[in-house]
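K.L.:
Would you mind keeping the following structure in view while I ask a few things?
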Amino acid sequence: MEILPAIDLKNGYAVRLKKGLMESAKIYSKDPSEIAKKFEDMGARWLHLVDLDGAFAGKAVNYKAIEKIVSSTNLKVEVGGGIRDEQRIKDYQNIGVERFILGSIALKNLNFTKEMAKKYKIAVGIDAKGGMIAVEGWAEVSKVKATDLAKEYANAGVDAIICTDIEKDGMLSGVNVEFTKEIALASGIKTIASGGVKDINDIVALKNSGKIYGVIVGKAYYEGKIDLKEVFKLS
2 MEILPAIDLK NGYAVRLKKG LMESAKIYSK DPSEIAKKFE DMGARWLHLV DLDGAFAGKA
62 VNYKAIEKIV SSTNLKVEVG GGIRDEQRIK DYQNIGVERF ILGSIALKNL NFTKEMAKKY
122 KIAVGIDAKG GMIAVEGWAE VSKVKATDLA KEYANAGVDA IICTDIEKDG MLSGVNVEFT
182 KEIALASGIK TIASGGVKDI NDIVALKNSG KIYGVIVGKA YYEGKIDLKE VFKLS
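So the sequence shown is numbered by our numbering: it starts at 2 and just counts up by one.
This is the structure in structure tokens:
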């Protein structure tokens, strides 16, 4: 199973939020590239990067910080937050980003997302509150069921789905294994769990489900609840 340590960016700093609320931001580093190097040294293959400011603004805000992070390691990097057009994908591709996460736009413009999936390595971000899709930095909850959106992308050439239970995110309360499995089964696409990982037992539960491709680890690492070196041995 693929383990993706996460760096969320706000004002160029590495932060973590609770339930996606910007006012809950806690700063963990003023130089996120140093964290990325640590992840690589511990055995990471992938890095999950989110431009939090960009998710709200609908455009890249932390581009320079992302460029520095990508250039500082040999990790494969996926980036999300504010990607709304092909030019932004190209800009990120030009600095070495491997995979591009489409969230709000994946709900609002299915045709665009499917077109991009034919040309680039696209991950669709399915972020849900109470099973319903949330967009615009999770500030808005739609009337679309998460599983229905997953079905829409079943045969669209999407590389991965990143599935977040927002109520769990940043809370260290345990990952929602069943919800992630539902998305994986609905889409048939390799699905990455996100939100709520509290310790290595969550990773084991996801792996034992047999249906889940990967998991994003954020706050559990930053708060010292999980030993990534041990976790990478499971991947």
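By construction, the Cβ of each residue, glycine as well, lies at the ideal position given by its N, Cα and C atoms. All values reported here derive from a predicted model rather than from experimental measurement.
What is the residue span of the alpha helix (DSSP H) that S30 lies within?
P.N.:
Within the sequence shown, the letter at position 29 stands for residue 30. Taken as a continuous stretch (DSSP letters only), S30 belongs to no alpha helix (DSSP H), being part of the beta strand (DSSP E) at L22 to S30.
K.L.:
Excluding five sequence neighbours on each side, which residues of the same chain lie with their C-beta closer than 6 Å to the C-beta of M117?
P.N.:
Counted from its first residue, the sequence shown places residue 117 at position 116. These residues qualify, in order along the chain: I123.
K.L.:
Just grab the DSSP bridge partners of S195 for me.
P.N.:
Position 194 of the sequence shown, counted from the first residue, corresponds to residue 195. Answer is T165, bridged to S195.
K.L.:
Using a Cβ-Cβ cutoff of less than 7 Å, which residues in the same chain neighbour S73 once the five nearest sequence positions on both sides are dropped?
P.N.:
Along the sequence shown, read from residue 1 onward, the residue named residue 73 stands at position 72. S34, A37 and K38.
K.L.:
Under the assumption that T148 contacts S195 (Cβ atoms under 8 Å), give the Cβ distance between them as a whole number of angstroms.
P.N.:
Start at 1 with the first residue of the sequence shown, and residue 148 comes out as number 147. Start at 1 with the first residue of the sequence shown, and residue 195 comes out as number 194. In fact, because the Cβ distance is near 16 Å, the residues do not count as touching under 8 Å.
K.L.:
To the nearest angstrom, report how far apart D52 and Q94 are at their CA atoms.
P.N.:
Position 51 of the sequence shown, counting from 1, holds the residue named residue 52. Position 93 of the sequence shown, counting from 1, holds the residue named residue 94. Cα to Cα, D52 sits roughly 15 Å from Q94.
K.L.:
Does I28 pass the burial test, meaning 16 or more other C-beta atoms within 10 Å, or should it be called exposed?
P.N.:
To locate residue 28, count along the sequence shown from 1; it is residue 27. So I28 ends up on the exposed side.
K.L.:
From the DSSP output, read off the bridge partner residues of V125.
P.N.:
Reading the sequence shown from its first residue, position 124 is the one you call residue 125. According to DSSP, which records beta bridges pairwise, V125 is partnered with L103 and I162.
K.L.:
Is it buried or exposed for G211, if we count other Cβ within 10 angstroms and need 16 for buried?
P.N.:
Taking the first residue of the sequence shown as 1, we reach residue 211 at position 210. G211 is exposed by the Cβ-count criterion.
K.L.:
Check each candidate in K208, I213, G197 and V198 and name the one with the smallest Cα separation from A187.
P.N.:
Taking the sequence shown and counting its residues from 1, one reaches residue 187 at position 186. The candidate whose alpha carbon is nearest that of A187 is I213.
K.L.:
Would S25 be called buried (16 or more neighbouring beta carbons within 10 Å of its own) or exposed?
P.N.:
Along the sequence shown, one-based indexing puts residue 25 at 24. The residue is exposed, with fewer than 16 neighbouring Cβ atoms inside 10 Å.
K.L.:
Is it the case that the Cβ atoms of A107 and V78 are separated by a distance below 7 Å?
P.N.:
Numbered from its first residue, the sequence shown carries residue 107 at position 106. Numbered from its first residue, the sequence shown carries residue 78 at position 77. No, the pair does not count as a contact, with Cβ atoms beyond the cut-off.
K.L.:
At 3 residues or longer, and completely inside the region 2 to 86: list those beta strand (DSSP E) runs for me, N to C.
P.N.:
Entirely contained in the region 2 to 86, the beta strand (DSSP E) runs reaching 3 residues are, in chain order, 3 to 11, 14 to 19, 22 to 30, 47 to 52 and 77 to 81.
K.L.:
Relative to the C-alpha of I248, which residue among I127, G171 and Y223 is closest?
P.N.:
Any property of residue 248 remains undetermined from this structure, which presents the chain solely from 2 to 236.
K.L.:
Between which two residues does the beta strand (DSSP E) carrying S143 extend?
P.N.:
Sequence index remark: in the sequence shown, residue 143 carries index 142 (1-based). Looking at the DSSP string, the run of the beta strand (DSSP E) that includes S143 is E141 to K146.
K.L.:
Kindly indicate which three-state DSSP category A221 falls into: helix, strand or coil?
P.N.:
Position 220 of the sequence shown holds residue 221. Looking at A221 - three-state DSSP - the assignment turns out to be helix.
K.L.:
Quick one: give me the first and last residue of the alpha helix (DSSP H) that M1 is part of.
P.N.:
Coverage of the chain is limited to positions 2 through 236, which leaves residue 1 absent and any answer about it impossible.
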